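Sequences listed follow chains A and B, in order. Start counting the first sequence at 1; every next residue gets the next number (full-length UniProt numbering). Start counting the second sequence at 1; every next residue gets the next number (full-length UniProt numbering). Glycine included, each C-beta is placed from N, C-alpha and C at the ideal position. Nothing here was measured: the structure is a model prediction, and the numbers come from that model.
Number of protein chains: 2
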Amino acid sequence: MDFNYSDTLTHLMGHVIKLHRQSVDLLIQEHDVYPGQPPLLLRLAEQDGQSQKELANKLQVTPATLTVMVNRMQRTGLVIRKPDPVDQRVSRVFLTAKGRQAIDAVKEALQQIECKCLENFSLEEKLLFRRLLWQMHENLQAFKRENT
Amino acid sequence: MDFNYSDTLTHLMGHVIKLHRQSVDLLIQEHDVYPGQPPLLLRLAEQDGQSQKELANKLQVTPATLTVMVNRMQRTGLVIRKPDPVDQRVSRVFLTAKGRQAIDAVKEALQQIECKCLENFSLEEKLLFRRLLWQMHENLQAFKRENT
DNA sequence: TCCTATTAGTTAGACGACTAATTATTAGTG
DNA sequence: CACTAATAATTAGTCGTCTAACTAATAGGA
Numbered sequence: 001m002d003f004n005y006s007d008t009l010t011h012l013m014g015h016v017i018k019l020h021r022q023s024v025d026l027l028i029q030e031h032d033v034y035p036g037q038p039p040l041l042l043r044l045a046e047q048d049g050q051s052q053k054e055l056a057n058k059l060q061v062t063p064a065t066l067t068v069m070v071n072r073m074q075r076t077g078l079v080i081r082k083p084d085p086v087d088q089r090v091s092r093v094f095l096t097a098k099g100r101q102a103i104d105a106v107k108e109a110l111q112q113i114e115c116k117c118l119e120n121f122s123l124e125e126k127l128l129f130r131r132l133l134w135q136m137h138e139n140l141q142a143f144k145r146e147n148t
Numbered sequence: 001m002d003f004n005y006s007d008t009l010t011h012l013m014g015h016v017i018k019l020h021r022q023s024v025d026l027l028i029q030e031h032d033v034y035p036g037q038p039p040l041l042l043r044l045a046e047q048d049g050q051s052q053k054e055l056a057n058k059l060q061v062t063p064a065t066l067t068v069m070v071n072r073m074q075r076t077g078l079v080i081r082k083p084d085p086v087d088q089r090v091s092r093v094f095l096t097a098k099g100r101q102a103i104d105a106v107k108e109a110l111q112q113i114e115c116k117c118l119e120n121f122s123l124e125e126k127l128l129f130r131r132l133l134w135q136m137h138e139n140l141q142a143f144k145r146e147n148t
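So this is what it looks like as structure tokens:
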């Protein structure tokens, strides 16, 4: 019972994710947006001025990671940090004008790639794919709960 | 026509991949194997003593990345580098005894998680999932070809 | 044969992510 | 009220990955 990692579904998925990142990056790099930043930008587009803790939770990332991300994006002028007036511990992240412009490109790019990804998929296939992916997500979540 | 990144298939896939990594890591970290190393170990299990270039190609990683990976794995004693006797430019990577031991644990872990991932999947669903994933892979590859 | 091109690998510096330890500030309790 | 708990963010150090610049060695052509 030999086991080939290359035949594994997660191996293939990993490659797809990587290709996806690279493809999106091709379209957005001119806006000073790096591959990990689109999710943060989009969360800010939904609601500006969230605390870093809120953002970290939504992005499923540790607060430490978020601090570093915000530092870089502040340096490239996409966002700006402002202290919360009530609670001095929290700092809130706001989009700059440049950030807002970048978001348009980012949305456009993600949309385009998602569309490209799903070329030749029927509606049923899309739905099924999502269902299976979700099932996988739940299975892994269960595994983590059992083994922590 | 508002666009929600959270509803995106690739967003969900990203989470699944992340959970997968974390889950595998739970099972292998005691063997001094870090999350990015299983693929390299398994390639060496297939064929020991490959050149770094060969390995980089198979892992779809740049030579620079491979150099760093091998450095770390050499430091933790999983592999060892030996110069090619014919061509002095190439250095070949070999498993150590510890590396070979780790591989057993890694295979076991990957198998277990892959199995867990696919809980409640029928055979048809597995096949279909792979087919759709492959289609996505081809779509993205085509996109990259068109935009490079 | 010698000089140039190509090739394999490395290094430096950046981004993305994590854990563990640290700093400030707020909340709660005796 | 004072002291301890808990919370938000940061820092330091590591792993994973990339690009660009560099070194060393081989291959090829004039």
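- Whole-number beta carbon distance between Asn147 (chain A) and Leu118 (chain B), since they are thought to touch under 8 Å: Contact flag wrong, Cβ pair sits at about 17 Å.
Pairwise C-alpha distance: Leu132 (chain A) and Thr96 (chain A): Between the alpha carbons of Thr96 (chain A) and Leu132 (chain A) lies a gap of roughly 39 Å.
Any 3 or more C-beta pairs closer than 8 Å across the region 10 to 22 of chain A and the region 63 to 77 of chain A: Touching, no, given that fewer than three Cβ pairs across the two stretches are closer than 8 Å.
- By the criterion of Cβ-Cβ separation under 7 Å, what are the contact partners of Pro39 (chain A) in chain B? By Cβ distance, chain B contributes Tyr5.
Quiz prompt | Proximity test, Cβ basis, 7 Å: Asn57 (chain B) and chain A | solution = With 7 Å as the cut-off, Asn57 (chain B) does not count as an interface residue toward chain A.
Practice problem: Could you list which residues in chain A have their beta carbon closer than 7 Å to that of Met136 (chain B), in chain order? | Solution: In chain order: Val16 and Cys117.
Open item on the list: I'd like to check one pair, Gly49 (chain B) with Arg92 (chain B): are the Cβ atoms closer than 7 Å?
Closed with: Yes.
Worksheet item: So who's on the other strand from Gln50 (chain B), going by DSSP bridges?
Response: Gln50 (chain B) is bridged to B:Val93.
Note to self: Just to confirm the assignment, what range does the beta strand (DSSP E) spanning Pro83 (chain A) have?
What the structure shows: Start and end: Val79 to Pro83.
| From Val33 (chain B) to His11 (chain A), what distance separates their C-alpha atoms? | Cα to Cα, the separation comes out at about 18 Å.
Would you verify that the beta carbon of Glu114 (chain B) is, or is not, closer than 7 Å to some beta carbon of chain A? Interface residue, yes.
Any chain A beta carbon closer than 7 Å to Leu66 (chain B): So no, Leu66 (chain B) is outside the interface.
What does the Cβ neighbour count give for Phe94 (chain B), buried or exposed, with the cut at 16 atoms within 10 Å?
By the 10 Å Cβ count, Phe94 (chain B) comes out exposed.
Next item on the list: Step through the CB atoms of chain A and report whether any lies within less than 7 Å of the CB of Glu125 (chain B).
Entry: Interface residue, yes.
Q | Cα-Cα separation, Leu40 (chain B) to Ile28 (chain B) | A | The alpha-carbon separation between Leu40 (chain B) and Ile28 (chain B) amounts to approximately 14 Å.
- prompt: So, is the C-beta of Thr10 (chain B) closer than 7 Å to a C-beta in chain A?
  reply: Contacts with chain A at 7 Å (Cβ-Cβ) include Thr10 (chain B).
_Taking 7 Å as the threshold (beta carbon to beta carbon), is Ser122 (chain B) in contact with chain A?_
Not closer than 7 Å to any Cβ of chain A, the Cβ of Ser122 (chain B) fails to qualify, so no.
| Anticipated Cβ contact below 8 Å, Thr8 (chain B) with Glu108 (chain A), distance rounded | Approximately 14 Å separates the beta-carbon atoms of Thr8 (chain B) and Glu108 (chain A); this is outside 8 Å, ruling out the contact.
Could one say the Cβ of Met69 (chain B) lies closer than 7 Å to chain A's Cβ atoms, at least one of them?
The beta carbon of Met69 (chain B) does not come within 7 Å of any beta carbon belonging to chain A, so the residue lies off that interface.
| query | Does any residue of chain B bring its CB to less than 7 Å from the CB of Met13 (chain A)? | reply | Yes, its Cβ sits closer than 7 Å to a Cβ of chain B.
- Query: Any Cβ of chain A within less than 7 Å of the Cβ of Gln88 (chain B)?
  - Reply: Among the residues facing chain A, Gln88 (chain B) is not included, as its CB has no counterpart in that chain under 7 Å away.
| request: Specify, as a first and last residue, the run of the alpha helix (DSSP H) that Phe129 (chain A) falls within. | output: Element bounds for Phe129 (chain A): Leu123 to Glu146.
| message | With distance defined between alpha-carbon atoms, name the residue in B:Tyr5, B:Leu123, B:Thr67 and B:Leu42 nearest to Lys53 (chain B). | response | From the listed residues B:Tyr5, B:Leu123, B:Thr67 and B:Leu42, the smallest Cα separation to Lys53 (chain B) is found for B:Thr67.
Given this structure, state the Cα-to-Cα distance separating Arg75 (chain B) from Glu30 (chain B), to the nearest angstrom.
Spanning the two alpha carbons is a distance of roughly 16 Å.
* To do: Rounded to whole angstroms, what's the CA-CA distance from Gln112 (chain B) to Val86 (chain A)? Just pull it up for me.
  => Rounded to whole angstroms, Gln112 (chain B) to Val86 (chain A) spans 49 Å at the Cα level.
Kindly indicate if chain B contains any beta-carbon less than 7 Å away from that of Leu78 (chain A).
-> Output row for Leu78 (chain A): interface = no.
Next item on the list: Go through its chain and collect everything with a Cβ distance to Gly77 (chain A)'s Cβ below 7 Å, but skip five positions before and after it.
Entry: Taken in chain order, the residues that qualify are Thr96 and Lys98.
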